[in-house]
């Protein structure tokens, strides 16, 4: 399996989502199997309660996840159906790690960004 990451600092609306969707389409047209995923740095759990004037409209996946609008571009361009697993935010990552800590999954150890948060991110990359 190969991965392509499209990154772009803190500037929003410069076309990373459309570029990623178009690249996904081009790869699919060449016979590659394409999966799309968006990792967002905001601490919100999802885009559902975010101000659309600040963040833009949200896109709702078939399984009801309220996600970034880019997931809609991914679905339409690449002709795939995405689920909530295609949208990862800092809020969902930290929430999952905190829930694991509260359950005792870390056996009382000190929970840290490295390795716990980074491992959670790696587990979510499909």
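Residue numbers (my numbering): 65 to 190.
All C-beta atoms, glycine included, are put in the ideal place defined by N, C-alpha and C.
Computed from a predicted structure; not experimentally measured.
Under the 10 Å beta carbon count, residue 81 is surrounded by 16 or more other beta carbons and is classified as buried.
Distances from the alpha-carbon of residue 160 to those of 120, 109, 77 put 109 closest.
For residue 130, the pairing in a beta bridge is given by DSSP as 124. Per DSSP, the beta-bridge partners of residue 103 are 152.
DSSP places residue 82 in the uninterrupted alpha helix (DSSP H) bounded by 80-93.
Its chain contains 103, 152, 157 as the residues whose beta carbon lies nearer than 8 Å to that of residue 185, once the 5 sequence neighbours on both sides are disregarded; these appear in chain order. For residue 116, the uninterrupted alpha helix (DSSP H) segment begins and ends at 116-119. Boundaries of the alpha helix (DSSP H) around residue 185: 182-188.
Counting only the Cα atoms, residue 119 lies some 23 Å from residue 189. For the pair residue 89 and residue 141, the CB atoms are nearer than the 7 Å cut-off.
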